[in-house]
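Participant: Please see the structure below; I have some questions.
Residue numbers (the numbering used here), protein chains in the order written: chain A, 634 to 924; chain F, 80 to 516.
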């Protein structure tokens, strides 16, 4: 009987302990939540006081500008297709910046990722070096590289392309090396046993295994890079962003042309997103019609 | 895999497949090469070398590790001013002038080191270059700059650039330029000038040990004030700008998450029974994501004016679409059994969500939010350059003025440190929150 009594005592202690722990956890969670709310509210207030216009003053105007753009575009509806055609070359430049930087960035990322994956690396001792290179190129914001290169090379698409390519190399390199880590090493051992060189082992043993995932990540990056390329255009790197800046910031603004540019940019982003998500699905899950 | 039937011509089929595959590979390679060739001309790469300005690159690199002190004489009244980078805020006071500038009654001697000597006297400037000789420049209102050289005027070395009204001499020791209006000497020094204290601060020129000693004698506040309000480097303003950039990223990311979470429930198949609601919410997400951050930024700038709030809202709106999509996908993957278990204890819908659903998706939520927080710090730099807030704006302004490249390099270093810090911080927080310390 003594046993039972101690067990009960013990159980009580456990229950008390549990309840105490739960209430302590709730207290901590509550405090965290409170801290979070305070941070958000005060943050918004600080940002609001530093802003040109206040939040509540601006919220009424929120639809004014889209309204103006839409009404001006509506009044000038017949000219809209013409404006869209007029800015196709600029759009093409924005797209080319994104596509070329994805292509070049991915090529560098492939090499960097193979050199920094354990088990595949050509120089295993240098793995940390290549990893740090990827980290660094990921950490440098595109605008920094773009502005410095614009100063040296003059405006145009090339500075933006290089800036985005550097960031892409770092970002994709990290994702690629994660893919590489899951590659089966047996084909590589097999190739090594017949005397294949490092580049042959990579090309014939690793690439066929990982190429679909690489492509899928590269397509995702293309979506991101189109947005980045449009934004960099706004700070002077050419393409649609630059035209958009000129259209809206000079004098009263040419809102009908801006509307045309909004539309083609929106459509391009939608088309690229949809196409890339279709192909990514196919690459990762296999074609629907495959046997 | 294409279908292979087990008939006799299997080798033939295999060869065929191999050939097709090889063709495909070559076609893809050819397409890439063709595209590269096209962009090579579309981007005008051949013309790029002509447009590229090597001098700008040199200035940029030299300015990152060195600065120059200007000694300027106004040729009209003979007044001489010594200032770092020619900046009004960094002008030497009368007693502070560096010892390589010696003022006499009429003549001022400037010693550039290594035997390079320059003298300024009213309307006459001389420059003695070792192994070359003495050059004199006389400034005349009517005849421009009258120049005499130790060699014939048509055999001038290429480091002297002379015309009737202006002369520029560039040597390893420094640089002299003379025009009708003013004469100016640049002497180069390594390092970032006046990084800690401006010239008018009492702590300028004191060693680190002396400053620390003064700090312990109760002057810490004044020392910090002089450092923080340094008129050239503006440390206080820069720190505030970095805070603003991080604030934009923080408000934008978390605000987007708060808005996206309830909407994600409406877009998830297993929580929103009505197809119409699901469809509408999903298209809303797509629309918000599709209208690029750039367009949102422009619209918001018109409504809210320039500033960090606008930047935060631009990030908030764009990311609420992305978060909505990610969260709703996570919600569709939750395990129904846990929710049933909570329901069996008599939980109401809100409690079911709180105790059955949220714990399952919290890891996805936290890791995505932290990942975006890190990447938005970078976006906030760019958006800040457009909406006029934070370190991005300071960087753009410093680059546009094209004067102080050491400030540009300082901002670049700070931005990279900021991004690396946020990367580390979000990784640290993710580990603590998901794995529990």
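Quick reminder that beta carbons are idealized off the backbone N, C-alpha and C, glycines included.
1) For the region 299–321 of chain F, list every residue whose C-beta sits within 8 angstroms of some C-beta in chain A, in sequence order.
2) Straight-line CA distance for residue 721/A to residue 697/A?
3) When we look at the beta-carbon of residue 104/F and count the other beta-carbons within 10 Å, is it buried (16 or more) or exposed?
4) For residue 815/A and residue 331/F, I'd like the C-alpha separation in whole angstroms.
5) Taking 7 angstroms as the limit between beta carbons, can you name the residues of its chain near residue 906/A, skipping five residues before and five after?
6) Go through the region 758–811 of chain A residue by residue and report every complete run of the alpha helix (DSSP H) that reaches 4 residues or more, in order.
7) Is the beta carbon of residue 871/A closer than 9 angstroms to that of residue 790/A?
8) When the cut-off is 9 angstroms and only beta carbons count, does residue 879/A lie next to chain F?
9) Could you work out which residue in 739/A, 817/A, 876/A and 881/A is closest to residue 111/F when comparing CA atoms only?
10) Identify, in the order they occur along the chain, each residue of the same chain with its Cβ nearer than 6 angstroms to the Cβ of residue 335/F, setting aside the five sequence neighbours on each side.
11) Find the residues of chain F that neighbour residue 774/A, judging by a C-beta separation of less than 7 angstroms, and give them in chain order.
12) With 16 other CB atoms within 10 Å as the buried threshold, where does residue 684/A fall?
13) Beta carbons nearer than 7 angstroms to chain D: which residues of the region 671–690 of chain A have them?
14) Cutting at 6 angstroms between CB atoms, please list the residues of its own chain near residue 204/F, excluding the five before and the five after it.
15) Taking 8 angstroms as the limit between beta carbons, can you name the residues of its chain near residue 922/A, skipping five residues before and five after?
16) Within the same chain, show all residues whose beta-carbon is closer than 6 angstroms to that of residue 881/A, passing over the 5 residues directly before and after it, in chain order.
17) If we ignore side chains and look at the alpha-carbon of each, how far apart do residue 829/A and residue 823/A end up?
18) If you reduce the DSSP assignment to three classes, tell me which class residue 170/F lands in.
19) Applying the criterion that 16 or more other CB atoms from any shown protein chain within 10 Å of the CB defines a buried residue, is residue 447/F buried or exposed?
20) Can the beta-carbon of residue 148/F be found closer than 9 angstroms to that of residue 159/F?
21) Mapping the DSSP letters down to three states, classify residue 235/F as helix, strand or coil.
22) Flag this pair as touching only if the region 466–486 of chain F and the region 422–435 of chain F have three or more C-beta atom pairs under 8 angstroms; answer yes or no.
23) Assuming residue 280/F is part of the alpha helix (DSSP H), what are its boundary residues?
24) Could you check whether the Cβ of residue 705/A sits closer than 9 angstroms to any Cβ belonging to chain F?
25) Tell me which residue opens and which closes the alpha helix (DSSP H) that residue 157/F is part of.
26) CB-CB under 8 angstroms to residue 859/A, same chain, minus the five flanking residues each way: which ones, in chain order?
27) Determine whether the beta carbon atoms of residue 500/F and residue 672/A lie at a separation below 9 angstroms.
28) Do residue 861/A and residue 391/F have their C-beta atoms within less than 9 angstroms of each other?
29) Looking only at its chain, what residues have a beta carbon closer than 7 angstroms to the beta carbon of residue 175/F, apart from the 5 residues adjacent to it on each side?
30) So, helix, strand or coil for residue 149/F, using DSSP?
31) In terms of residues, what are the limits of the alpha helix (DSSP H) holding residue 195/F?
Facilitator: A quick look at the data gives this:
1) none
2) If you draw a straight line from the Cα of residue 721/A to the Cα of residue 697/A, it is about 27 angstroms long.
3) exposed
4) 35 angstroms
5) Excluding sequence neighbours, residue 906/A sits near 856.
6) 760–772 and 775–786
7) yes
8) Among the residues facing chain F, residue 879/A is not included, as its CB has no counterpart in that chain under 9 angstroms away.
9) 739/A
10) Close CB contacts of residue 335/F within its chain, under the 6 angstroms cut and outside five residues either way in sequence, are with 395, 398, 399 and 402 (chain order).
11) What residue 774/A touches in chain F: 457, 460, 461, 494 and 498.
12) buried
13) Here the protein chains are A and F, and chain D is not one of them.
14) 216, 257 and 262
15) Its pLDDT being 43, under 50, residue 922/A is placed unreliably in this model, and the coordinates cannot settle the point.
16) 891
17) 9 angstroms
18) strand
19) Residue 447/F is buried by the Cβ-count criterion.
20) no
21) When secondary structure is reduced to three states using DSSP, residue 235/F falls in the coil class, being assigned neither helix nor strand.
22) no
23) It is not in any alpha helix (DSSP H) - residue 280/F carries neither H nor E in the DSSP assignment.
24) no
25) Unbroken run through residue 157/F: none, as it is neither H nor E.
26) 727, 728, 731, 901, 902 and 905
27) Not in contact: residue 500/F and residue 672/A (Cβ atoms no closer than 9 angstroms).
28) no
29) 278
30) strand
31) Element bounds for residue 195/F: not the alpha helix (DSSP H) but the beta strand (DSSP E), 195–200.
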